[in-house]
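Here the numbering used here is used: the first residue of the sequence shown is 1499, the next is one more, and so on.
The C-beta atom is built at its ideal place from N, Cα and C for all residues, glycine as well.
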Amino acid sequence: MLDTLILSRIQFAANISFHILFPTITIALGWLLFYFKVRFDISKHPVWMRAYRFWVKVFALSFALGVVSGITMSFQFGTNWPGFMETVGNIAGPLLAYEILTAFFLEATLLGIMLFGFHRVPGWAHTGATFLVALATTLSAFWILALNSWMQTPVGFEMRDGVAHATDWLAIIFSPSFPYRLTHMLLASALTVCFLVAGLSAYRLLRGDNKKAPQLTLKTALFSAALLVPLQIFVGDLHGLNTLEHQPQKVAAMEGLWETQQGAPLVLFALPDEENRQNRFALEIPKLASLILTHQLDGELQGLNDFKGEHPPVAPVFYSFRLMVGIGLLMLAIAWWCSARLYRHGSLTPLQLKLLVGMTFSGWVATLAGWYVTEIGRQPYLVYGVLKTRDAVTTIASEQVAITLTLYLLLYAVLLFAYIKTLFVLAKRAVDVEEYDLTQPGLPERKASATAEGASA
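Here it is in structure tokens:
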């Protein structure tokens, strides 16, 4: 039987891994829905409302699962990690409360207008509700990432009798890693939604859906991804430089560097051997790690041996980082290839459509890999340099944690299967909906809204 510390870490990892899947969708999907609604308001063309009506269902489903999993996750601060709130609750508590007060209530209240208010409120009010829900999802990310960034790079506080007390709330909120982490996460959400939209749209086209809506959403998603992937790579580089400054042992684990050296090689692949503190079967490019991280061929990088007992487990950080980067490069290649084909020919080949279906949830995988790098890379600390993970864990019996962990895993597996199945069922049903008469110059807003509301797509 694993001990309470390991089981509690696995349980929280399972909860956060499941939970983050859904905010990763809603953060960017809210803004995409706002774009669809504004385009409808301007053009009065029903195809934009049809796109809105289909994807607002995905948004609502994702929001519901995000709320449910978020509640169970927050309970664990008390059940599994009481030392966390006892030590830094004066900072973590207010930041979590700000997220609920400024974001969650706004989302929960106005989502009903998005879903059911098409012909019950004026068009401007419905568009305004969509905008505020999109803003609320971003505010939610703002506060959660403010807390997480502070845990990575804590500033603006002082310790009194073993308890953290805030001395500068602006410094706490805008901690050194916050701008990079927030931007990186918002772009990750955008790319997740781009490939989700592209994947389900491609699925509809492969099933013979020749309507305008899936073609329109596919083009929107692919062109957006083609622009956003390079931007994400640039922001990721800035984030890495910031991490090197504040958490060099995390970067050493990401790069698989054991010894401090100048002109450090980029390890493309290896089998990290933490027991013997070396890499096995390493495939390296000389001096490239130093060039990327210091922008100098002979730049010095600290190795893991400088942080014995104070660095994270190497293998999960090392492999997760390569998985994240690999999927990012695959996204770049597919987005550019498919966008070029769409630009030149106006349609994709069956092979490209099948590839996009396979990439439907690639954003989830990349996001999870990135978060594992971030969170595992902070170990052995829960709050970097302030609170070690082992000092915050509960004292309850490991058997009790094992039972709840098992129940969580079973429940989350069922919910995840049901969620993915539901998305494809929605897509299948949308194939059978009749197309609008696209020769119409437009429809009056209330008529178009009501017509679109009656359509399942």
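task: Could you check the C-alpha separation between Ala1634 and Gln1850 for me, to the nearest Å?
output: As a working note, residue 1634 is residue 136 in the sequence shown. As a working note, residue 1850 is residue 352 in the sequence shown. Roughly 35 angstroms separates the two Cα atoms.
task: Classify Gly1591 as buried or exposed, calling it buried when 16 or more other Cβ atoms lie within 10 Å of its own Cβ.
output: Counting from 1 along the sequence shown, the entry for residue 1591 is found at position 93. Classification for Gly1591: exposed.
- prompt: In three-state terms, what does DSSP make of Ala1813?
  reply: As a first step, residue 1813 is located in the sequence shown; it is residue number 315 there, counting from the start. Correct three-state label for Ala1813: helix.
task: Quick one: residues in its chain with C-beta nearer than 8 angstroms to the C-beta of Leu1726, no 5 flanking neighbours on either side, listed in chain order?
output: What you label residue 1726 is simply residue 228 of the sequence shown in a count that begins at 1. Closer than 8 angstroms at the Cβ level, and outside the excluded window around Leu1726, lie Leu1685, Ala1688, Leu1689 and Cys1692.
- prompt: Given 8 angstroms as the limit, is there contact between the segment 1643–1661 and the segment 1602–1611, that is, 3 or more CB pairs closer than that?
  reply: no
query: For Tyr1879, which of helix, strand or coil comes out of DSSP?
result: Residue mapping note: residue 1879 aligns to position 381 of the sequence shown, counting from 1. Note: Tyr1879 maps to strand in three-state DSSP.
- request: Indicate whether Leu1846 and Ala1700 have their beta-carbon atoms separated by less than 9 angstroms.
  value: The sequence position of residue 1846 within the sequence shown is 348, counting from 1. The sequence position of residue 1700 within the sequence shown is 202, counting from 1. Their beta carbons are under 9 angstroms apart, which means Leu1846 touches Ala1700 by this criterion.
query: Closest to Thr1865 by CA distance: which of Phe1602, Val1823 and Ala1900 is it?
result: The residue labelled residue 1865 in the question sits at position 367 within the sequence shown. Ranking Phe1602, Val1823 and Ala1900 by Cα distance to Thr1865 puts Val1823 first.
- prompt: From this set, Met1857, Glu1798 and Gly1797, which residue's C-alpha is nearest Ile1825's C-alpha?
  reply: One-based indexing of the sequence shown puts residue 1825 at position 327. The option with the nearest alpha carbon to Ile1825 is Met1857.
- prompt: Which residue or residues does DSSP assign as beta-bridge partners of Ile1783?
  reply: Here residue 1783 corresponds to residue number 285 of the sequence shown, with the count starting at 1. In DSSP, Ile1783 forms a bridge with Leu1764.
message: Can you list, in chain order, the residues of its chain with a C-beta nearer than 6 angstroms to that of Gly1801? Leave out the 5 residues immediately preceding and following it.
response: Numbered from 1 along the sequence shown, position 303 holds the residue referred to as residue 1801. Excluding positions up to five away in sequence, the list reads Ala1750, Leu1755, Trp1756, Glu1757 and Thr1758.
task: Count the other C-beta atoms from every protein chain shown that fall within 10 angstroms of the C-beta of His1737, then say buried if there are 16 or more, exposed otherwise.
output: Here residue 1737 is taken as the residue at index 239 of the sequence shown, counted from 1. Result: buried.
task: Just grab the DSSP bridge partners of Gln1776 for me.
output: Looking up residue 1776 in the sequence shown gives position 278. Its beta-bridge partners are Asp1771.
query: Count the other CB atoms within 10 Å of the CB of Leu1729; is the residue buried (16 or more) or exposed (fewer)?
result: In the sequence shown, counting from the first residue as 1, residue 1729 sits at position 231. Counting Cβ neighbours within 10 Å, Leu1729 comes out exposed, since fewer than 16 surround it.
Cβ pair Thr1872, Tyr1879 closer than 9 angstroms: Position 374 of the sequence shown, counted from the start, is the residue given in the question as residue 1872. Position 381 of the sequence shown, counted from the start, is the residue given in the question as residue 1879. No. Outside cutoff.
- request: Please report the Cβ distance between Asn1646 and Thr1570, rounded to the nearest whole angstrom; I am assuming they are in contact, meaning their Cβ atoms lie under 8 angstroms.
  value: For this step, residue 1646 is matched to residue 148 along the sequence shown. For this step, residue 1570 is matched to residue 72 along the sequence shown. At roughly 18 angstroms, the Cβ-Cβ gap does not stay under 8 angstroms, so Asn1646 and Thr1570 are not in contact.
task: Kindly indicate which residue of Ala1723, Gln1776 and His1682 has the alpha-carbon position closest to the one of Ala1838.
output: In the sequence shown, residue 1838 corresponds to position 340, counting from 1. Of the listed residues, the one whose Cα sits closest to Ala1838 is Ala1723.
CA-to-CA distance, Asn1774 to Pro1763, given in whole angstroms: By one-based count along the sequence shown, residue 1763 stands at place 265. By one-based count along the sequence shown, residue 1774 stands at place 276. Answer to the nearest angstrom: the Cα atoms are 19 angstroms apart.
message: I need the straight-line Cα distance from Glu1772 to Phe1805, nearest angstrom please.
response: Position 274 of the sequence shown holds residue 1772. Position 307 of the sequence shown holds residue 1805. About 13 angstroms.
task: From the DSSP output, in three-state form, read off Arg1618 for me.
output: The residue given as residue 1618 occupies position 120 in the sequence shown. If DSSP states are grouped into helix, strand and coil, Arg1618 belongs with coil.
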